[in-house]
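K.L.:
Below is a structure I'd like to ask you about.
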């Protein structure tokens, strides 16, 4: 699975007594690896709406079946990386009020 790597530059304060340092000496590079949900053959890349909804349902089914969030955390990462936050907020409200349209 391909992943993206981003490099961030962070300023490092020069020590007292140092007169001039090159740019590379004053900055540190930190490497951060970004990952998203793995590709799923059930969902073509053209429309991710159904993929998002399915991953959200998988997470909540896992919680209901296993009652431990540690085992279900991968499903949470999947839906959080695909679904818009507004949708998740709305679905959470619907679940609280018992009006969620999906099978949980």
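Numbering (my numbering), first residue to last: 17 to 120. Think of the CB as a built atom: it goes at the ideal place given N, C-alpha and C, for glycine as much as any other residue.
Quick one: what's got a C-beta closer than 7 Å to residue 107's C-beta in the same chain, skipping five residues either side?
P.N.:
Here residue 107 corresponds to residue number 91 of the chain shown, with the count starting at 1. The residues are 72, 116.
K.L.:
Between which two residues does the alpha helix (DSSP H) carrying residue 108 extend?
P.N.:
Counting from one through the chain shown, the residue named residue 108 turns up at place 92. Its alpha helix (DSSP H) spans residues 101-113.
K.L.:
Please check if any C-beta of chain D sits within less than 8 Å of the C-beta of residue 58.
P.N.:
In the structure shown, chain D cannot be found, because there is only a single protein chain.
K.L.:
Among 97, 70, 58, which one has its Cα closest to the Cα of residue 51?
P.N.:
Within the chain shown, the letter at position 35 stands for residue 51. Comparing Cα positions, the closest option is 97.
K.L.:
So residue 75 packs on residue 92, CB below 8 Å; how close in whole Å?
P.N.:
Position 59 of the chain shown, counted from the start, is the residue given in the question as residue 75. Position 76 of the chain shown, counted from the start, is the residue given in the question as residue 92. Right, the Cβ-Cβ distance comes to about 5 Å (below 8 Å), so this counts as a contact.
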